[in-house]
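Undergrad:
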Amino acid sequence: MGKKNNPNAFQGNLKKKFYFEGWYNKIVDASADHIYAIIPTIALNKKEKTSHCAIQYFDAVNATTEYFKFPINEFKNLSNKKYEISIGKNYFSLERSHLDIDQQGYKISGDLKYIDPFPWPKKFLQPGAMGWLSYIPFLETYHTVVSMNHKIHGRISINGEVVNFENGKGYIEKDWGKSFPIAWIWTQSNHFSNQNLSFMFSIAKVPFLGKRFNGFLSAIWYEGKFFKFATYTGARVKSLDINPDNIQILVEDKKYSLYFEIAKKGIESISLKAPQEGIMSGRIAESINSKIRLKLFDTKKRNIIIDDLGVNAGFESKDPETLKPKKR
Numbered sequence: 060m061g062k063k064n065n066p067n068a069f070q071g072n073l074k075k076k077f078y079f080e081g082w083y084n085k086i087v088d089a090s091a092d093h094i095y096a097i098i099p100t101i102a103l104n105k106k107e108k109t110s111h112c113a114i115q116y117f118d119a120v121n122a123t124t125e126y127f128k129f130p131i132n133e134f135k136n137l138s139n140k141k142y143e144i145s146i147g148k149n150y151f152s153l154e155r156s157h158l159d160i161d162q163q164g165y166k167i168s169g170d171l172k173y174i175d176p177f178p179w180p181k182k183f184l185q186p187g188a189m190g191w192l193s194y195i196p197f198l199e200t201y202h203t204v205v206s207m208n209h210k211i212h213g214r215i216s217i218n219g220e221v222v223n224f225e226n227g228k229g230y231i232e233k234d235w236g237k238s239f240p241i242a243w244i245w246t247q248s249n250h251f252s253n254q255n256l257s258f259m260f261s262i263a264k265v266p267f268l269g270k271r272f273n274g275f276l277s278a279i280w281y282e283g284k285f286f287k288f289a290t291y292t293g294a295r296v297k298s299l300d301i302n303p304d305n306i307q308i309l310v311e312d313k314k315y316s317l318y319f320e321i322a323k324k325g326i327e328s329i330s331l332k333a334p335q336e337g338i339m340s341g342r343i344a345e346s347i348n349s350k351i352r353l354k355l356f357d358t359k360k361r362n363i364i365i366d367d368l369g370v371n372a373g374f375e376s377k378d379p380e381t382l383k384p385k386k387r
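Each residue of the sequence shown is one higher than the one before, starting from 60 at the first, in the numbering used here.
1. Compute the beta-carbon to beta-carbon distance between I9 and T109, rounded to the nearest angstrom, for a pair I have assumed lies under 8 Å.
2. In whole angstroms, what separates the C-alpha of S206 from that of Y315?
3. To the nearest whole angstrom, what separates the beta carbons of E125 and Y116, a pair I think is in contact under 8 Å?
4. How big is the Cα-Cα spacing for E320 and K74?
5. What separation, rounded to the nearest whole angstrom, lies between the Cα atoms of E199 and V265?
6. With three or more beta-carbon pairs closer than 8 Å as the criterion, would you say the segment 233-241 touches the segment 290-304?
7. Going by other Cβ atoms of all chains shown within 10 Å of its Cβ, with 16 needed for buried, is Q254 buried or exposed?
8. Cα separation between K354 and I306?
9. Out of W191, D118 and I98, point me to the one whose CA is closest to C112's CA.
10. Short of 6 Å in beta carbon distance, which residues of its chain neighbour I231, apart from the five on each side in sequence? Order them along the chain.
11. Give the list of continuous alpha helix (DSSP H) stretches no shorter than 4 residues that lie fully inside the segment 306-361.
12. Are there 16 or more other CB atoms within 10 angstroms of the CB of Q247, so buried, or fewer, so exposed?
13. Looking at L171 and G219, is the spacing between their C-beta atoms short of 8 Å?
14. Check the C-beta distance from F177 over to W245 and give it rounded, since I have them as a contact under 8 Å.
15. Pairing CB atoms from the segment 138-145 with CB atoms from the segment 62-82, are three or more of them under 8 Å?
16. Could I get the ranges of all uninterrupted beta strand (DSSP E) runs contained in the segment 244-285, with 3 residues as the minimum, in chain order?
17. According to DSSP, which residues form a beta bridge with Y150?
18. Which one of K297, Y95, P180 and K270 has the shortest CA to CA distance from K383?
19. Given I101, which residues of its chain have a CB within under 6 Å of its CB, disregarding the five upstream and five downstream residues?
20. Do F151 and I160 have their C-beta atoms closer together than 8 Å?
21. So what does DSSP say about N132, is it helix, strand or coil?
22. Can you grab the Cα-Cα spacing for the pair I215 / K284, in whole Å?
23. Classify W82 as helix, strand or coil using the three-state DSSP reduction.
24. Could you check the C-alpha separation between F251 and D234 for me, to the nearest Å?
25. Which class does G61 belong to by DSSP, given the choice of helix, strand or coil?
26. Considering N208, what are the terminal residues of the beta strand (DSSP E) in which it resides?
27. If we ignore side chains and look at the alpha-carbon of each, how far apart do R271 and Y318 end up?
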């Protein structure tokens with residue numbers, strides 16, 4: 060099973076004809092005055108001869124994004140057992156990042172250390188967020204969470220402005236495969252009133268054996284406990300309501316009921332590049348200043364475990380209407 064047992068590590072190789080892999084590093088300073096996503100990416104399309112690596116930069120506060128492109132030979136995989144890569148002079152891992160970018164009128168440099176990361180717990184035949192589904196070959200997209208939550212120490216200089224990330228917060232996840240799905244909803248926040256709370260949810264149209272099904276996964280890290288909901292655990296999305304101001308989702312399993320609302324009104328979205336057959340020609344409208352109202356109920360004990368509001372939340376959606384559960 061090799062690399063599949065270590066989904067945080069680079070899953071591909073440079074010989075693939077159509078392929079992408081990207082690590083989404085969200086970094087927020089202690090005051091939340093500076094919110095960024097830094098996404099090192101590799102995109103292979105041998106047919107169109109567009110193969111390259113890149114670092115996508117997203118500034119949520121100023122609503123700007125840049126795509127810093129590098130020759131494919133500047134991508135280096137430094138470990139087959141963990142997340143550790145470099146692009147040019149830039150280095151990324153679970154423990155730290157080093158940035159050294161001088162392109163397109165931007166000069167970004169600095170070092171960040173990640174303290175006490177909380178990775179997705181491994182279990183037998185469940186190496187990452189997709190569980191045993193990650194062993195199925197030829198899926199369009201694979202996904203995992205590298206760190207649900209971690210503290211940040213360090214500074215970054217962006218065009219001469221030094222941003223202090225001491226006691227900031229971070230989150231890391233990744234995707235790999237050939238193309239993004241035709242429809243999905245994704246959201247994430249680790250900025251709740253309870254500092255020891257982090258949440259993520261993703262649902263997408265998954266092609267399999269000539270058909271498509273709605274596959275989802277969700278996790279809550281709360282006070283050292285980990286709650287997991289996913290297609291492969293037997294949990295179900297009971298309702299998915301799309302309104303002008305928000306999206307409301309109810310997820311249930313045998314023990315818990317998870318309800319959350321994702322705010323849509325008044326948030327700023329930016330268009331990010333996304334892969335289609337290894338070419339970064341697709342577009343994603345993403346926000347990282349949304350809000351999530353999160354509630355977790357223990358249905359057996361009939362008590363509320365979590366009722367909190369998450370801010371600085373990531374949010375993406377594409378054709379969400381197609382993801383509504385079928386009425387039985």
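For glycine and all other residues, C-beta sits at the position ideal for the given N, C-alpha and C. None of the values given here were measured: they were computed from a predicted structure.
TA: Reading from the atomic positions:
1. No answer is possible for residue 9: the residues shown for the chain start at 60 and end at 387.
2. Approximately 23 Å, taken between the alpha carbons.
3. 5 Å
4. 42 Å
5. 7 Å
6. Cβ pair count under 8 Å is below three, so no.
7. exposed
8. Roughly 14 Å separates the two Cα atoms.
9. Nearest option by C-alpha distance: I98.
10. N84, V205 and S206
11. none
12. buried
13. no
14. F177 to W245, Cβ: 19 Å. No contact.
15. Contact holds: three or more Cβ-Cβ distances are below 8 Å.
16. 256-267 and 270-281
17. S145 and H157
18. Among K297, Y95, P180 and K270, the Cα nearest to that of K383 is on K297.
19. E80, C112 and F134
20. no
21. helix
22. 32 Å
23. strand
24. 25 Å
25. helix
26. First-last of the beta strand (DSSP E) with N208: T200 to I217.
27. 25 Å
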